[in-house]
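Numbering (this note's numbering), first residue to last: 35 to 300.
Quick reminder that beta carbons are idealized off the backbone N, C-alpha and C, glycines included.
Computed from a predicted model, the values in this text were never measured in an experiment.
In what follows, a single structure is set out as structure tokens and then discussed.
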């Protein structure tokens, strides 16, 4: 009887250990650990400035993101990649390749695609405005637009459905920045400022327009640079949307006349 009991006991232990081992072998891999590893790979690609790979792998990974934190992080990585790709020859879903025809000029091509000469030159590494028939150029076919939040003092540069870049701005100190829908109707490099009875020339330390002006279809209002960069992010302007000079210069080169601007109170 004792031998039978001992045999059953040993057999029970064997089954227990065997099942335990099988359970350990069959244990699924940790999906969170796998996701984190892939996320680090995407982050490493940004350091290597491999923006096209960031886009491809980041989009795929975003579909499996479980937490809001991961979704936000990946969305920012994808946004940064899209911004940088604008300035490269790499084709995206918002661009196409155009073959230069006889009689073409950069100005004609920019007008045809509702883009800017400056952007075509930067994306194609052109030093001069001279182009030749047969040249293949990357051009953006999806228009840019601008959205401003008065409450947050932020400006979003958008392209179609995509958020491209967020900028800090200054809106009206007295809450006098108009809200609504506008269009950019003129663009001026190194603008002269006509303020009250003064005519303040470009480069003058008192010229509050800074280095660029993008005027709205509402007289007297627009987007411009600044001589007070330390106040950006605060309501400090006379009613216009004010940016750091380096930021307004960047936007100036990206958006053509006719670009939509939406200003919201919130």
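{"query": "With residue 219 and residue 226 assumed to form a contact (beta carbons below 8 Å), what rounded beta-carbon distance in angstroms separates them?", "result": "Incorrect: roughly 17 Å between the Cβ atoms, too far for contact."}
{"query": "Rounded to the nearest angstrom, how far is the Cβ of residue 121 from that of residue 91, given a contact under 8 Å?", "result": "Residue 121 to residue 91, Cβ: 20 Å. No contact."}
{"query": "How big is the Cα-Cα spacing for residue 326 and residue 267?", "result": "The shown model of the chain, from 35 to 300, leaves out residue 326, and the question about it has no answer."}
{"query": "Of the residues 274, 200, 101, which one's Cα is nearest the Cα of residue 255?", "result": "274"}
{"query": "Using the Cα positions of residue 300 and residue 79, report the straight-line distance between them to the nearest angstrom.", "result": "35 Å"}
{"query": "With DSSP as the reference, identify every bridge partner of residue 134, one or two as the case may be.", "result": "In the DSSP output, where bridge partners are listed per residue, residue 134 has none listed."}
{"query": "So, using beta-carbon positions, are residue 198 and residue 117 closer together than 8 Å?", "result": "yes"}
{"query": "In the DSSP assignment, what are the bridge partners of residue 233?", "result": "228"}
{"query": "Within this structure, are the beta carbons of residue 182 and residue 278 separated by less than 8 Å?", "result": "no"}
{"query": "Grouping DSSP H, G and I as helix and E and B as strand, with all else coil, what is residue 143?", "result": "helix"}
{"query": "Hey, residue 235 and residue 261 are a contact pair by Cβ (cut 8 Å); roughly how many whole angstroms apart?", "result": "Not a contact, Cβ separation roughly 13 Å."}
{"query": "In the stretch 235-266, which residue ranges form an unbroken beta strand (DSSP E) of at least 3 residues, counting only runs that do not cross its ends?", "result": "246-250, 256-258"}
{"query": "Just tell me which of 158, 125, 81 has its CA closest to the CA of residue 140.", "result": "158"}
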